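Here is the structure we will look at.
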Amino acid sequence: MTSEPARGPVDATTTNAWGSLTELSKNLRPDLRGWFAADPARAERLSHQAADLHVDLSKNLVTDDVLASLLALADEVRLTERRDAMFAGEHINVTEDRAVLHTALRRPSDEPLTVDGQDIAADVADELAKVYAFAEKVRSGEWTGVTGEPVRTIVNIGIGGSDLGPVMAYEALEPYVQDGLQVRFVSNIDPTDVAQKTADLDPTTTLFIVASKTFGTLETLTNARLARDWLWRSLVAAGAIEDSEDGRSDAVAKHFVAVSTALDKVEAFGIDPENAFGFWDWVGGRYSVDSAIGTSLAVAIGPDAFAELLAGFHAMDEHFRTAPLEKNVPVLMGLLNVWYVNFRDAHTHAVLPYAQQLHRFPAYLQQLTMESNGKSVRWDGTPVTSDTGEVFWGEPGTNGQHAFYQLIHQGTRTIPADFIAVANPAYPLHDADADVHGLFLANFFAQTKALAFGKTADEVRAEGVAEDLVSAKVFSGNRPTTSILAPALTPAVLGQLVALYEHITFVQGVIWGIDSFDQWGVELGKKLALEIAPAVAGDEAALAAQDPSTAALITKYRELRA
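At position 405 of the sequence shown (counting the first as 1) the number is 1024 in the numbering used here, and the numbers step up by one without a gap.
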């Protein structure tokens, strides 16, 4: 198919549904205790199944009228039309004139898809086969370094989407990693990162994957050069290579591969272009973990588990694409986020996984959601007409309970929170006769119950608390939460979770009329850093060109560094 011109966004604030939601919010007095008492079936009615995920929305601050108006809003802004345009490959990334086809990365290979005259399905299948073949070579020991030793450590060098997705997924799927293999991740241009990650490695068994679509990202290429220098020095010191051009060239060829489409730059670095894995401009970085960007993960967990991950993504894609809106979990969760941001004055959103393996999931979601929806203009270039975006944050339970839950329970801000848990742990340990995972999930259930229903002054008094302490021990309740429960943290379930939040993000972007797939907001700082670098290095003319505050800070840095 060919690209269709994108229709302009509907101003959600002019719709009938927006007006209804405004009035409903003005008159709403949240009362989860009363709502559950009056409607014992509330939990059943407001719980839904999306692939393997059981999602309970019943503890959110919504009535049937609110939900009906939110669904009407989705209809009035033409959500399904925009969703279908994305899946079909229309150029809904307007500012970059691109299709948005991360969903094509996980389609079954026998489902045809042609966009802009290109056989997308075949392209994806071919690149995935190349990644899988490489993964098998490393896992089997066929791929060796300069001394003939197999790879034992992979160091993934990337930043943003080339780091956050792979490291999150690697940590989440650690039980699936092949024995004898490990992956480390370098992202920060702070030299501490690459120095610490390589300090104890054996260069003869280390393989670097440099992940940069353009092979020009400042942080990634700087770290890649530092890693290359470390490799050369270490191999020479170990007597593994001669300190010669041929020795260094052979070392890079056998210890570096790339994820990039800039094959000329890859080759100039010393990497054989045959060992470069590509992806396409219709895959945004923060949506790319299921592309060749996930090569380090595919090596670690193997092609079969990676294919299961892709199948999980696709299962959620199909739910989002086909489920009726009133039962469509990404749609409902996206609409709830709009309800809290635009009608309930929520500024942040907590994601609280009760699964230690998901400890990097909130950080991953920060990029996915905030880089996507942190916009103040709509996709036609006009200013937004409402607040957009929210700050996503979180830590795994129960750690968070001893850190910041106080604010969620008794603070003055509404903080919607998503609680995520699995029924069957990777490590089913016992403390004497006690199932530790059961104790862990008792906290999961208790926290959402406490946030929803709180504790009244009379209930506090009934516990014998002194009157002067009663008010401090009252919990207001009516703090909104969504509970997501999965059977286990399998590759498929991880794929479903990631795709769920991808589509939640999409839904919010459509309501707000913004392009969720560009990221121009990161460009200015990157450009200025390149201009300021000479001043930092001692160029007086470059220093004089800075504003007074920046110049003073650079001067102070140079004094301290001397």
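For every residue, glycine included, the Cβ atom is placed at its ideal position computed from N, Cα and C. In this text, all values refer to a predicted model and were calculated from it rather than measured experimentally.
Closest in C-alpha terms to lysine 645, from the list Val681, Asn947, Gly627, comes Val681. With contacts defined by Cβ atoms closer than 7 angstroms, serine 879 and lysine 816 do not form a contacting pair. Between leucine 882 and alanine 870, the C-beta gap is not smaller than 7 angstroms, which leaves the two residues out of contact. Membership of isoleucine 711 in any alpha helix (DSSP H) is not indicated, and neither H nor E is assigned to it by DSSP. Annotated as proximal: alanine 662 and serine 677, with beta-carbon spacing under 7 angstroms. Lysine 1074 sits in a strand when the DSSP states are folded into three classes. Beta-bridge pairing by DSSP links glutamine 801 to Thr772. Taking glycine 779 as reference, the option from Gln1138, Ala1154, Thr811 with the minimal CA-CA separation is Gln1138. DSSP, read as helix, strand or coil, puts tyrosine 1046 in coil. Judged by beta-carbon spacing, glycine 708 lies beyond the 7 angstroms limit of alanine 693, meaning their Cβ atoms are not closer than that value. DSSP places valine 1155 in the helix class (H, G or I) of the three-state scheme. Valine 1141 sits exposed, since fewer than 16 C-beta atoms from the chains shown fall within 10 Å of its C-beta.
Restricting attention to beta strand (DSSP E) runs no shorter than 3 residues, the stretch 739-790 encloses them at 772-776, ordered along the chain. In the DSSP assignment, glutamine 975 falls outside any beta strand (DSSP E), carrying neither H nor E. For isoleucine 1133 against lysine 994, the beta-carbon gap comes to about 4 angstroms, under 8 angstroms, which counts as contact.
Contact check for valine 908 and alanine 788: beta-carbon distance about 6 angstroms, within the 8 angstroms limit, so the pair qualifies.
No residue range can be given for isoleucine 912, since it is assigned to no alpha helix (DSSP H) and is classified by DSSP as neither H nor E. For phenylalanine 888, the uninterrupted alpha helix (DSSP H) segment begins and ends at 882-888. With fewer than 16 other Cβ atoms inside 10 Å of its own Cβ, alanine 752 counts as exposed.
Taking C-beta atoms as the reference points, valine 1089 and alanine 1076 count as a pair closer than 7 angstroms. Counting C-beta pairs with one atom in each stretch, the stretch 906-922 and the stretch 743-761 have three or more that are closer than 8 angstroms, which means they touch. In the structure shown, serine 666 falls within a strand segment according to DSSP collapsed to helix, strand and coil. With fewer than 16 other beta carbons inside 10 angstroms of its own, glycine 736 counts as exposed.
Secondary structure at phenylalanine 939: helix, using DSSP grouped into helix, strand and coil.
With contacts defined by Cβ atoms closer than 7 angstroms, methionine 952 and isoleucine 1123 form a contacting pair. The DSSP-derived three-state label of tryptophan 637 is helix. Taking a cut-off of 8 angstroms on C-beta distances, the stretch 916-933 touches the stretch 1096-1114, as three or more cross pairs fall below it.
Contact between valine 902 and phenylalanine 834 is ruled out by a C-beta separation of about 16 angstroms, above the 8 angstroms threshold. DSSP places alanine 1105 inside the beta strand (DSSP E), whose first and last residues are 1100-1107. Nearest to arginine 697 by alpha-carbon distance, out of Ile1130, Thr967, Tyr906, is Ile1130.
By the criterion of a C-beta distance shorter than 8 angstroms, leucine 826 is surrounded in its chain by Val757, Trp762, Gly764, Val770, Thr772, Ile773, Val774, His874, Phe875, Val876, once the five residues flanking it on both sides are discounted.
Here aspartate 675 has Ser666, Ser1102 as same chain residues with Cβ atoms under 6 angstroms from its own Cβ, once five neighbours each way along the sequence are excluded. The three-state secondary structure of glutamine 1025, taken from DSSP, is helix. Less than 7 angstroms divides the Cβ of proline 949 from the Cβ of leucine 1119. Under DSSP, glutamine 1020 shares a beta bridge with no residue. In this structure phenylalanine 1072 is in contact with leucine 651, their Cβ atoms being roughly 6 angstroms apart against a cut-off of 8 angstroms.
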